[in-house]
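For the sequence shown, this note's numbering begins at 27 and goes up steadily by one. Here a beta-carbon is modelled for each residue, glycine too, at the ideal position from N, C-alpha and C. Written below as structure tokens is the structure these notes are about.
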Amino acid sequence: MTAVVSNIDPFEIHEDVRTEDTEVMVDDDQTEDADRATEVAAEEDEEEESSDEELVDTGVQVDMEKLQGDFPGFKDNYRLIKRIGEGTFSTVYKAEDLQYDRYDNFWDHEIDAKWTPPPLRSNEAERQPRRRPRFVAIKKIYVTSSPARILNELELLHDLRMCPSVCPLITAFRHTDQVVAILPYFRHADFRAYFRDMTIPDVAIYLRSLFLALMSVHAHRILHRDIKPTNFLYDPTTQRGVLVDFGLAEREGSDSKPCLCHETREARKHRQSTSVWAQTSTTPQPGYPKSDTRSSRRANRAGTRGFRAPEVLFKCTEQTTAIDIWSAGVILLTILSKRFPFFNSADDVEAMIEIATIFGSKRMKAAGLLHGCVFETSIPTIGQQGFSIEKIILWSTCRSDEKPLTPEERLAVQFLERCLELDPSKRITAEEAMNHEFLRVKDEPSSQEMGADEDDMDILHA
């Protein structure tokens, strides 16, 4: 068995169930606030512990036992608790790190944290603080995944280990054809349980955490490719989130070919004027050509339906980090409209129709031409101009013009419109988003304002 260990930036994970006693006694002069904080923490830990002790499905238990048996020495290092996630390429389990104290755990923000168990009624004076066990998430990558995909994910996680709001890689193991990655366990809530109750300030905090992660990822020229609520683990109580699952991620520019969207306006017009579509557009024929001699276009279309950007649907061969911004915009649209999922297409054609319904066939056609594609539709319910985002939100939340959006909501809509630009070159970047008024922390000057202040100082000193 081989292991790859990386030094990880301090990172807070959820720790709950008590394991071993310590020799430290609780002081008699604890304040009421400290006692209350301890009681609250104990209540949360008891809830998490009861959740962990729930009966595990027989099939899951068999899989857990098989995983422990496949890796020599696994039981000496980790105690599997339950399955917490399952996807196309992997399964994730919650586990206790039994050898935590033997390693230098730079990734753990609460490395010295103690936990006081709930007092026994008959022995309240003798309660002692105990060291919390350290929980990790064990990601078992299926053997059907290509070795190149597995290596790519581990390398990207290693490169992003110092980034805030990004789940770091603790270590990884391989035995024969079995590969597991060890990641911090982060307590979070189900998106469906809280998104409808979020206030606009709550939404801003949520998105600031998400865009902080995206800014770090994009600074490394990495496309996540699968931004969605289930891949951004968020705890509404602590208002902290972490970006996970880099199974589809790739470096910008890898395996890409030039696309029209990166050409100048004049070059695009010339290519379009000499295209087959331009020559036959005067006498359009319904349907597809029986013998199409054109070569098929191949492009990365990875992602989750409902969250993929227009350029992904149009098979752009030179995709950028802007695809992640679109996906983040869909999350914001979901929250503001209080509808999840907002887009619910079965295939790429339906996905394009859904987007065209909002933005209109005229803008959708222009978006297709950016990538050398022609978008045509005769569906009568798709208008040429589409609808404004503000109208969509009012309709989705059953509000009329008599109850218009508040100034805060309008600011959120303005930010959303920047995220959902059909032209990826005009879409807001993660760095720009962090300086947007909607996400900027109150009383925090923007980079432009800071630059203006420096210019003023230069004038004064001149």
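Check whether the Cβ of residue i sits closer than 7 Å to any heavy atom of the ligand GTP, and report yes or no.
i	result
G95	The ligand GTP is not part of this structure, which contains no ligands at all.
Terminal residues of the continuous alpha helix (DSSP H) containing residue i?
i	result
I231	226-245
R436	433-445
K417	415-422
V375	374-385
H184	173-185
I349	348-363
Q87	84-96
M460	456-460
V338	336-339
R218	217-220
Pick from the options: whose alpha carbon is nearest that of residue i?
i	options	result
S363	A438, Q410, R327, G412	A438
M241	T407, D350, L396	D350
L106	R291, I361, T114, V82	V82
I196	D123, A382, F413	D123
Q204	I164, R251, H214, V400	I164
T263	R251, A219, N257	A219
R213	R160, P367, H250	R160
H244	N461, H462, L465, E457	E457
L489	L236, G409, D374	Examination of residue 489 is not possible in this model, given that the chain is present from 27 through 488 alone.
R331	Q345, E428, V356	V356
Y260	V270, Y168, P433	V270
F97	D127, A207, I253	A207
A121	V467, S404, C399, I110	I110
S280	E112, G267, E344, P227	E344
M224	R365, E278, L396	R365
D252	T114, K391, P227, K429	T114
T202	R222, P173, T403	P173
A459	L396, K283, S426, L238	L238
D127	I226, R323, K101, R158	R158
Q175	S191, L396, R277, I226	Correcting the residue identity first, residue 175 is Arg in this sequence and not Gln. Out of S191, L396, R277, I226, R277 has the C-alpha closest to the C-alpha of R175.
N178	R222, H250, V86	H250
P190	V88, R323, R234	R234
P367	T403, S404, P430, F221	F221
Which whole-angstrom value describes the C-beta separation of residue i and residue j, a residue pair presumed to lie in contact below a C-beta threshold of 8 Å?
i	j	result
G386	G412	3 Å
Y119	M90	7 Å
C342	A325	6 Å
Y211	V162	5 Å
C287	L359	In fact, because the Cβ distance is near 23 Å, the residues do not count as touching under 8 Å.
Grab me the residues of residue i's own chain with a C-beta within less than 8 Å of its C-beta, minus the 5 sequence neighbours each way, in chain order.
i	result
A348	A335, E337, P450, S451, R453, T455
N103	D123, L124, Q125
P284	T343, E344
S426	L420
Keeping to the same chain, check which residues put their C-beta closer than 6 Å to that of residue i; ignore five residues upstream and five downstream.
i	result
V229	I361
I408	A382, T383, S387
L180	A198
E443	I415
L446	G355
F258	L236, G267, L269
E380	F369, S371
Q410	G386, S387, K388
S422	S363, R365
W352	A335
K101	Q94
Since residue i is in the beta strand (DSSP E), which residue starts that stretch and which ends it?
i	result
H201	197-201
V268	266-269
R123	A quick correction: the sequence has Asp, not Arg, at residue 123. Here the beta strand (DSSP E) through D123 covers 116-123.
D261	258-261
I107	104-112
Q204	204-210
A163	161-167
Leaving out five residues on either side along the sequence, give the residues of the same chain with a beta carbon under 7 Å from the beta carbon of residue i.
i	result
L182	I248, F272, A275
P255	F217, I357
M377	The displayed chain sequence assigns Ala, not Met, to residue 377. The answer, listed in chain order, is R331, R334, L339, F369, S371.
H246	D185, L186
D116	According to the sequence displayed, residue 116 carries Ser and not Asp. Cβ within range, chain order: K165, K166, I167, Y168, G273.
I418	S363, I384
E463	L437
S171	F115
I226	E434, E435, A438
Using a C-beta cutoff of 8 Å, does residue i count as contacting chain D?
i	result
G95	You won't find chain D in this structure, because it holds only one protein chain.
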